[in-house]
Amino acid sequence: MNLKKTALIICFVIFLITVRGSQSQNWLPLDKGIGHPYATIYHLLPDSNFIYISGSFTEDGNKIPMRGISKWNGIKWDSVGDANKFNGTKGGIYKYHDTLMTSSIFYDMWHVNFAKLNGSIWDTLPNTDDLAVNCFVEKDGILYMGGGFFKCGNDSTFLLGKYDGTSFSGMTPLYNNHTSGYAVSCMAFFQDTLYIGGLFYLYPQFPIACFAKWDGYNIIPVSMQFNNTTCIIETMTLYKNELYIGGEFYKVNGFTGDCIMKWDGHQFSEVGDGTNQRVTCMKVYNNELYVGGWFTEVGGSSCKNIAKWDGQQWTCLNDEEFDEFYCLRDICIINDELYVGGSFRKIGNDSISSIAKYNHPLNSIQEHHGTLTANYPNPFTEYTTLIFSKQLNEATLQVYDIIGKEVMRMENLNGKEIRISRNGISKGMYFFRVVEGNINVGKGKMIVE
Numbered sequence: 000m001n002l003k004k005t006a007l008i009i010c011f012v013i014f015l016i017t018v019r020g021s022q023s024q025n026w027l028p029l030d031k032g033i034g035h036p037y038a039t040i041y042h043l044l045p046d047s048n049f050i051y052i053s054g055s056f057t058e059d060g061n062k063i064p065m066r067g068i069s070k071w072n073g074i075k076w077d078s079v080g081d082a083n084k085f086n087g088t089k090g091g092i093y094k095y096h097d098t099l100m101t102s103s104i105f106y107d108m109w110h111v112n113f114a115k116l117n118g119s120i121w122d123t124l125p126n127t128d129d130l131a132v133n134c135f136v137e138k139d140g141i142l143y144m145g146g147g148f149f150k151c152g153n154d155s156t157f158l159l160g161k162y163d164g165t166s167f168s169g170m171t172p173l174y175n176n177h178t179s180g181y182a183v184s185c186m187a188f189f190q191d192t193l194y195i196g197g198l199f200y201l202y203p204q205f206p207i208a209c210f211a212k213w214d215g216y217n218i219i220p221v222s223m224q225f226n227n228t229t230c231i232i233e234t235m236t237l238y239k240n241e242l243y244i245g246g247e248f249y250k251v252n253g254f255t256g257d258c259i260m261k262w263d264g265h266q267f268s269e270v271g272d273g274t275n276q277r278v279t280c281m282k283v284y285n286n287e288l289y290v291g292g293w294f295t296e297v298g299g300s301s302c303k304n305i306a307k308w309d310g311q312q313w314t315c316l317n318d319e320e321f322d323e324f325y326c327l328r329d330i331c332i333i334n335d336e337l338y339v340g341g342s343f344r345k346i347g348n349d350s351i352s353s354i355a356k357y358n359h360p361l362n363s364i365q366e367h368h369g370t371l372t373a374n375y376p377n378p379f380t381e382y383t384t385l386i387f388s389k390q391l392n393e394a395t396l397q398v399y400d401i402i403g404k405e406v407m408r409m410e411n412l413n414g415k416e417i418r419i420s421r422n423g424i425s426k427g428m429y430f431f432r433v434v435e436g437n438i439n440v441g442k443g444k445m446i447v448e
């Protein structure tokens with residue numbers, strides 16, 4: 000072999016090593032991501048075949064205008080209505096009665112308005128000036144909202160408001176010595192009680208707090224350990240009949256856990272040994288709790304930014320560095336795929352801007368292809384039938400909605416067909432899997448009309 004050929008081979012090998020070494024093992028970009036240098040994604044909202052995002056940004060990675068709100072269709076980023084002509088920051092985002100809603104500065108540089116998407120037009124709703132909403136929770140058809148505001152509809156109120164589909168109303172009295180600059184970041188109903196987290200002033204006889212509950216009129220403290228300025232609560236969710244809260248708080252300052260703990264309605268307890276730094280987002284999927292934040296350790300072991308908790312122990316999902324300390328803001332999971340959004344620009348050696356997809360399916364069940372042969376009819380209105388190429392033996396069917404919540408389970412299934420009734424399932428898209436032991440013998444998507 001001559002020297003020229005040898006040199007070419009060496010250069011090619013070095014190129015392959017460089018390329019492979021620069022590819023993230025754990026994370027994939029979504030096209031070119033969301034534009035930088037200052038873009039931040041605050042919220043991810045799964046909806047059918049889309050992921051909506053909201054935050055502070057003005058363009059995607061291809062320099063196409065995307066002002067604070069966009070959607071990912073699996074291939075590229077698309078604008079959402081006429082939002083591109085408005086301010087480049089959008090607040091909380093939620094789909095209520097099949098209508099997309101958000102808060103932002105829509106028409107001038109002074110007033111935050113609440114708006115809904117009407118076709119391709121964002122319509123601001125009346126009496127929503129300065130209604131800055133960060134988070135939502137829905138119960139019995141009522142949309143509850145938390146944020147940093149002193150008015151909702153025609154009512155003076157502090158931090159909390161609600162919307163019944165027609166009108167807005169306040170939920171708490173507004174005290175004369177209220178303090179601005181504080182807000183509710185997250186909220187959840189647990190045991191028929193509305194809990195809120197963030198950093199806020201309660202009322203004259205209490206100091207700054209970060210975790211409280213609504214008693215139907217006032218916001219009141221849950222525990223005195225949260226009535227100080229050494230904490231902030233940024234996320235909460237229900238998991239295995241307990242309320243999990245995450246944020247920045249530490250046992251050294253008198254808290255029960257480090258950055259994550261759980262509440263059973265009577266007392267707090269630790270979640271393993273917690274994390275060494277801030278927890279900013281949590282999602283439940285397939286009966287496991289996925290936790291994201293700024294941490295580098297979980298349960299006393301090295302783990303960067305993403306981990307999962309099964310109720311007994313932690314499992315680390317990532318060992319690669321996100322380049323920004325203020326990196327993760329939200330988690331979204333659709334059909335075994337995990338997405339994260341925040342303010343990062345690189346993961347490991349790769350340029351991945353503000354949003355990334357985890358490069359591993361979350362489903363740990365072994366795959367066995369070729370067993371499921373048909374799913375018919377699909378879409379369906381009353382029944383659909385799954386047909387298999389071999390006899391099932393004590394199989395289990397699980398059906399999940401688009402955010403991973405199990406809505407149906409059928410066990411001890413035998414034979415070559417499974418007939419599924421839509422009883423108790425509303426219209427929409429769902430994912431299913433059929434498992435024998437720990438073998439996945441069929442999975443797919445079905446649409447109820």
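Residue 434 in numbering that gives the first Met the number 0 is what sits at position 435 of the sequence shown, and the numbering runs on without skipping anything. Note that the Cβ used here is the ideal one computed from N, Cα and C, for glycine as well.
Count the other CB atoms within 10 Å of the CB of residue i; is the residue buried (16 or more) or exposed (fewer)?
i    : result
Y357 : buried
S102 : buried
G273 : buried
T88  : buried
D329 : buried
G246 : buried
K389 : exposed
K161 : buried
S420 : exposed
I244 : buried
I13  : Its pLDDT being 37, under 50, I13 is placed unreliably in this model, and the coordinates cannot settle the point.
V251 : exposed
M223 : exposed
N334 : buried
V439 : Sequence check: residue 439 is Asn here, not Val. The residue in question, N439, is buried, as its Cβ has 16 or more Cβ neighbours within 10 Å.
K307 : buried
So the beta strand (DSSP E) residue i belongs to, where does it begin and stop?
i    : result
Y162 : L159 to Y162
F189 : A182 to F189
G60  : Counting along the chain, G60 falls outside any beta strand (DSSP E), and DSSP gives it neither H nor E.
N387 : Residue 387 is actually Phe in this sequence, not Asn. That run of the beta strand (DSSP E) goes Y382 to Y399.
F149 : That residue, F149, is in no beta strand (DSSP E); it is neither H nor E in DSSP.
K415 : E405 to S420
G340 : E336 to G341
D329 : L327 to I333
V251 : No beta strand (DSSP E) contains V251, which DSSP labels as neither H nor E.
V278 : V278 to Y284
F210 : I207 to W213
K115 : N112 to N117
L201 : It is not in any beta strand (DSSP E) - L201 carries neither H nor E in the DSSP assignment.
D139 : Element bounds for D139: n/a, residue is neither H nor E.
K356 : I354 to Y357
W26  : W26 to P28
F267 : F267 to E269
T236 : I231 to Y238
G273 : No beta strand (DSSP E) contains G273, which DSSP labels as neither H nor E.
W121 : I120 to T123
L288 : E287 to G292
My understanding is that residue i touches residue j, with C-beta atoms under 8 angstroms, so please give their C-beta distance in whole angstroms.
i    : j    : result
E393 : N413 : 7 angstroms
V286 : I305 : First, the amino acid is wrong: residue 286 is Asn here, not Val. Not a contact, Cβ separation roughly 18 angstroms.
C258 : I231 : That belief does not hold up - the Cβ atoms of C258 and I231 are roughly 10 angstroms apart, past 8 angstroms.
T380 : N374 : Not quite, the Cβ-Cβ distance comes to about 15 angstroms (not below 8 angstroms), so this is no contact.
G510 : R277 : Residue 510 lies beyond the range of the chain shown here (0 to 448); nothing can be said about it.
I50  : K70  : 7 angstroms
I92  : H42  : 5 angstroms
N133 : G90  : 6 angstroms
M409 : I417 : 7 angstroms
V464 : T236 : Outside the displayed span of the chain (0 to 448) sits residue 464, for which this structure offers no information.
What did DSSP end up calling residue i once you bin it into helix, strand or coil?
i    : result
A461 : Any property of residue 461 remains undetermined from this structure, which presents the chain solely from 0 to 448.
F225 : helix
K261 : strand
E448 : coil
S155 : strand
I469 : This structure leaves residue 469 out entirely; the chain is present only between 0 and 448.
A38  : coil
I219 : strand
M170 : coil
I424 : coil
T165 : coil
F430 : strand
P376 : coil
T370 : coil
T255 : coil
Q22  : A caution first: Q22 carries a pLDDT of 46, below 50, which makes its placement in the model unreliable, though a value can still be read off. Coil.
Verify the CB distance criterion: does residue i have a CB-CB separation below 8 angstroms to chain E?
i    : result
N126 : Within the model displayed, chain E is absent; a lone protein chain is all it includes.
Mind pulling the alpha helix (DSSP H) runs of 4 or more residues that sit fully within the segment 47 to 97? none
Residue ranges of each beta strand (DSSP E) within the segment 299 to 326, 3 or longer: 305 to 308 and 313 to 315
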